[in-house]
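S.K.:
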């Protein structure tokens, strides 16, 4: 990444020899012809300081939309590249269960509100009071039973249920019982014989008009019923159990085992607390029905109403979260979902971008970021349009640095691009370089950077000034450093003539300095 200040490109003219303790050259042997040297007149002018950084073009706004609730995609209404307006529906989930949840929450709120009204205005019948007393007794009995643990009869019944379920599973896994199979076969054989006899007797009299009234007709019907019952019983014994029957039997075993285990385990503190809460609720309900309005009960019921309201609000929010709506005018950049797919609240569904405006985000070195301010003008060149420039303006300087994989820290700076100055269409992801103008001075004394030499030891800056046909080293002080020129604040005056020695001339001046 190209970055850093393009400020003073200091051309160190005599870089190999430090200029220490000199004032000016003297003597004829120290004078050389300067006719062939480049002569520059010190003038006043405009000085611009800038910082160079590179980055990537991004849309003005881009957002990845996700569903607020998980579910199955019912419909996707847009495709990539499609322009949408704020408020347009982009996609939605199947909301059948969510709509039911909203309705259930509405019912719960109605119930809670009705209970609050009853607490505030008790008017109960004797039947309601007796029912509440029974409910309190039941809750107290349940609490006492929970603390006392299961009885011997309950444990015996639970063990018997487990043994019966296990025996049924074992019978299924073992296959048909030989004795039962033989008995079922004999029953079926007898039923077949009886059916043949009844059919033969019926055939002898079936021509008679009163056949329905004859005993042969009733005997045939009864024999048919007995045969079907015997056949079904035989098939139940003879057929192998299906996987569904085995799975159901295993489930019954696990349920019986879990019931027995629950009885054997000591009740948890949470279970006891829940039972105690039921007792208190039943006791409060009885007081309310008796006309004993308790402020605590009122507050509790008010809290339940508020809780029901929050649950309804959440259910409605979940229903709204099953839809993706465009938050602003833009273009659909990416569609990552399809109908009938299952998505979660973390699935990036649709990416929406505002392509009416673009920004260039660049990384500015920590040594230079202090010079960048919001509002600085910028000149941008894009790799896609290398022969053209685009105007821009700094709109944001990040307060926190970003560190790359190599550990280099840079500060993200966002530059709004003037699309009217672009030579062609801008696209997200284009690479470009920004020249950020950090300071501009008008009517200041300036000299070319290539005319300035620096002493590596002392850091003093020197130029060669032409006096009476002689090149004289003059120490100067500079202010703002620009791309090609620097501001001179001491050492030179407007109209002074300085020279830029040629390569041969530099060597000659170096020897003169060594002699001096």
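In full-length UniProt numbering, the protein residues as written are 1 to 516.
Using N, Cα and C, we set each Cβ at its ideal position, and we do this for glycine too.
Name the DSSP bridge partner or partners of residue 41?
M.R.: 497
S.K.: Determine the closest residue to residue 92 out of 339, 121, 423, with distance taken between C-alpha atoms.
M.R.: Cα-wise, what sits closest to residue 92 is 339.
S.K.: Based on the DSSP output, what are the partners of residue 415 in its beta bridges?
M.R.: 360, 394
S.K.: Can you give me the C-alpha to C-alpha distance between residue 266 and residue 349, rounded to a whole angstrom?
M.R.: Cα-Cα distance, rounded: 49 Å.
S.K.: With DSSP run on the structure shown, which of helix, strand or coil describes residue 502?
M.R.: coil
S.K.: Please list the segments of the beta strand (DSSP E) lying wholly inside the segment 36-120, counting only runs of 3 or more residues, in order along the chain.
M.R.: 38-41, 43-65, 71-76, 89-93
S.K.: For a test of the three-state rule: what should DSSP assign to residue 161, helix, strand or coil?
M.R.: helix
S.K.: Would you kindly check if the distance between the Cβ of residue 312 and the Cβ of residue 109 is under 8 Å?
M.R.: yes
S.K.: Can you tell me where the beta strand (DSSP E) holding residue 443 begins and where it ends?
M.R.: 431-448
S.K.: DSSP on residue 523, reduced to helix/strand/coil?
M.R.: The question about residue 523 has no answer, for the chain in this structure spans 1 to 516.
S.K.: Tell me which residues share the same chain as residue 374 and place their Cβ nearer than 8 Å to its Cβ, disregarding the 5 neighbours each side in the sequence.
M.R.: Result list for residue 374: 394, 395, 396, 397, in chain order.
S.K.: Quick check on DSSP: helix, strand or coil for residue 465?
M.R.: strand
S.K.: Starting from residue 181, trace the alpha helix (DSSP H) in both directions and tell me its first and last residue.
M.R.: 178-205
S.K.: Counting beta carbon pairs with one atom in the segment 374-384 and one in the segment 419-434, are three or more of them shorter than 8 Å?
M.R.: The segment 419-434 vs the segment 374-384: in contact.
S.K.: For residue 53 versus residue 362, is the C-beta spacing smaller than 8 Å?
M.R.: yes
S.K.: Closer than 8 Å is the cut-off here; do at least three beta carbon pairs connect the segment 354-368 with the segment 409-426?
M.R.: yes
S.K.: Run through DSSP, which three-state label would residue 272 get?
M.R.: helix
S.K.: Determine the burial state of residue 496: buried for a count of at least 16 other Cβ atoms within 10 Å of its Cβ, exposed for fewer.
M.R.: buried
S.K.: Rounded to a whole number of angstroms, what is the C-alpha to C-alpha distance between residue 445 and residue 493?
M.R.: Residue 493 has its alpha-carbon roughly 8 Å from the corresponding atom of residue 445.
S.K.: Measuring CB to CB, does residue 226 end up less than 8 Å from residue 194?
M.R.: yes
S.K.: For residue 475, which residues does DSSP report across the bridge?
M.R.: In DSSP, residue 475 forms a bridge with 462.
S.K.: Round the Cβ separation of residue 279 and residue 140 to the nearest angstrom and send it over; I've been treating them as touching at under 8 Å.
M.R.: Taking C-beta atoms under 8 Å as the contact rule, residue 279 and residue 140 qualify, at a distance of about 6 Å.
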